[in-house]
Amino acid sequence: MFLDLRDLTMHVRLDGPADAPPLVLLHSLGTDLRVWDPQANILARSFRVARPDLRGHGLTDVPPGPYSIDGMARDVLALLDTLDLPHVHVAGLSIGGMVAQVLAAQAPDRVASLVLCDTAMAIPPPELWRGRAATVRGHGMAAIADAVLARWVTPGFARTPEARGLLSMLLRTAPEGYAGAAEAIAAADLTETTRGLRMPALVLVGEHDEATPRTSAEVLRDAIPGAELKMIMGAAHIPTLERPNAVAEAILGFLSVDAECGARTADASHAMSASGDNHD
690 MFLDLRDLTM
700 HVRLDGPADA
710 PPLVLLHSLG
720 TDLRVWDPQA
730 NILARSFRVA
740 RPDLRGHGLT
750 DVPPGPYSID
760 GMARDVLALL
770 DTLDLPHVHV
780 AGLSIGGMVA
790 QVLAAQAPDR
800 VASLVLCDTA
810 MAIPPPELWR
820 GRAATVRGHG
830 MAAIADAVLA
840 RWVTPGFART
850 PEARGLLSML
860 LRTAPEGYAG
870 AAEAIAAADL
880 TETTRGLRMP
890 ALVLVGEHDE
900 ATPRTSAEVL
910 RDAIPGAELK
920 MIMGAAHIPT
930 LERPNAVAEA
940 ILGFLSVDAE
950 CGARTADASH
960 AMSASGDNHD
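Note that the working numbering has the sequence shown beginning at 690, numbered continuously upward.
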């Protein structure tokens, strides 16, 4: 569906029972809501799953950049208002995880828990992101595609149909949308923001992630009191596609013991065994 929010029209997909606990999934830079497809298919059995295309991505409007993490979080907050979702779980991948951190700070009474996947409070160096923004504005997405994919997935996975689909997703991203969001990453340091968070949090990181490595994940975990850290073995920066079952299992396990939003899923192992996903 498409919704008018603030200064843009946002594309969002809703799955799962309308009366189930709501869970928002936020995608990474240069992808769209489909990067969460494997998990959404499982999570929607127990949750009302909302997946927006972030500003400048997918089928959402592409305003001129630069963007900001704060502004992208306000987009998501406006989405929650429009969908009448007063209390949600939020999971974010890469820039989606940065947006999730700021959203939780903007509306702490509305975010029941956080899953922060392959993300950080800052992703240096800023010159890298500004350089990518300039490159795609001048030469299009193909100019960075191979280098980006090499950081997203492990070499073995890069030869799979899923990786080719991921590359296609990147190439179809609007250059201005990618550039605007890259500039948001360049300017972001969420250290003080994230240290103020006081909700249950799970930090996930791919074993081979070089963009946001384990050291960054440990710093993020330590910034949020009581946060947990789990490594996704055999994955790089986009484990949602490279190790989909492991990510879904981690999220279900975390949410099943978090009682802040009422009833939780009681059949995580059944959902995993019935998923038919054999990439792990």
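Note that beta-carbon positions come from the ideal geometry of N, C-alpha and C, so glycine has one too.
Predicted model, so just to flag it, every value in this text is computed and none were measured.
Open item on the list: Let's see if you can read the secondary structure: which residues bound the beta strand (DSSP E) around E917?
Closed with: 917 to 921
TODO: Have a look at H828, V738, G719 and flag the residue whose alpha-carbon is nearest the alpha-carbon of D708.
DONE: V738
Task: Rounded separation between A935 and L909 - CA only - done: 20 Å
Open item on the list: When you compare the CB positions of P933 and P727, do they come within less than 7 Å of one another, or not?
Closed with: yes
TODO: Per DSSP, which residues does P706 bridge with? Please list them.
DONE: According to DSSP, which records beta bridges pairwise, P706 is partnered with nothing at all.
Task: Cα-Cα separation, R821 to A868 - done: 7 Å
- [ ] Grab me the residues of F691's own chain with a C-beta within less than 6 Å of its C-beta, minus the 5 sequence neighbours each way, in chain order.
- [x] T698, H700
- [ ] Please list, in chain order, all residues of the same chain as D696 whose beta carbon is under 6 Å from its beta carbon, the five residues on each side excluded.
- [x] none
Task: Whole-angstrom distance between A762 and A789, CA atom to CA atom - done: 7 Å
Task: Local conformation of D878 per DSSP, three classes - done: coil
- [ ] For K693, write down the residues that DSSP places opposite it in a beta bridge.
- [x] Looking at the sequence itself, residue 693 is Asp, so the reference to Lys does not match. According to DSSP, which records beta bridges pairwise, D693 is partnered with T698.
TODO: Using a threshold of 7 Å, state whether the C-beta atoms of P982 and I921 are closer than that.
DONE: This structure gives no information on residue 982, because the portion of the chain shown stretches from 690 to 969.
- [ ] Report all residues from its chain with a CB closer than 8 Å to the CB of P864; omit the five preceding and five following residues, and keep chain order.
- [x] V825, R826, G829, M830
Task: Segment limits, alpha helix (DSSP H) that includes A852 - done: 850 to 860
TODO: Could you tell me if G885 is buried or exposed, where buried requires 16 or more neighbouring beta carbons within 10 angstroms of its beta carbon?
DONE: exposed
Task: Minimum C-alpha distance to D704 - residue among H897, A733, L838, W818 - done: A733
- [ ] Examine the Cβ distances between the region 710 to 719 and the region 738 to 751 and report whether three or more of them are shorter than 8 Å.
- [x] yes
Open item on the list: Using only CA atoms, which one of I758, D764, D759 lies nearest to D750?
Closed with: D764
Open item on the list: Check this for me: beta carbons of L879 and A780, under 7 Å apart or not?
Closed with: no
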